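Inspection log for the structure reproduced underneath, given as structure tokens.
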Amino acid sequence: MHVRHLIAAEKELQSDTGWHTTDLKPRHAPIFPKSTPIRAGWQWRSARASSAEAEFVLLAKCIPRRDNWQAVLILTSDVGASVVARFEHHGSHPGLHAHAHCERGGTEVGVPRFG
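For what it's worth, the working numbering labels the leading residue of the sequence shown as 693, then goes sequentially.
Structure, rendered in structure tokens:
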């Protein structure tokens, strides 16, 4: 399945953690093998959702005082988790922008390195 189809798939919300300032545990961000420290005003939120074909985690991180916002769409499966795309907005320059590796289809397990 292509990245755009994974993003556009209609999803139903299964659970939502609400906003937190504590360290981010792997159960809420399955692309990270260990807890991720959350410091210096950052906040995070994690939601689980499902489509007809797949299960997802949407991870949001932000630091409101710096107008820095990030959301990561994560595809989950029995073999691991895959970042489909990352969406960002920075107050230092206009516009929402997205990062994805379209050639790999959003299904490669692990954390991709894309610009």
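Where a beta carbon is used, it is the ideal one built from N, C-alpha and C, also for glycine. It should be emphasised that the depicted structure is a prediction, and the values quoted were computed from it without experimental measurement.
Are there three or more Cβ pairs, one per stretch, closer than 8 Å when the stretch 718-729 is compared with the stretch 740-755?
yes
Closest Cα partner of Pro718 within the set Ala773, Ala790, Glu795
Looking up residue 718 in the sequence shown gives position 26. Nearest C-alpha to Pro718: Ala773.
Could you tell me the distance, in whole angstroms, from the CA atom of Val695 to the CA atom of Ala744?
Within the sequence shown, the letter at position 3 stands for residue 695. Within the sequence shown, the letter at position 52 stands for residue 744. C-alpha separation (whole angstroms): 16 Å.
Considering only residues of the same chain and omitting the five flanking positions on each side of Asp759, which have a CB-CB separation below 6 Å?
For the purposes of this step, residue 759 is taken as residue 67 along the sequence shown, with counting starting at 1. So the qualifying residues of the chain are Gly783.
Whole angstroms is fine: what's the gap from Trp734's alpha carbon to Trp761's?
Here the question's residue 734 lines up with position 42 in the sequence shown. Here the question's residue 761 lines up with position 69 in the sequence shown. Answer to the nearest angstrom: the Cα atoms are 10 Å apart.
What is the residue span of the beta strand (DSSP E) that Val771 lies within?
Counted from its first residue, the sequence shown places residue 771 at position 79. Element bounds for Val771: n/a, residue is neither H nor E.
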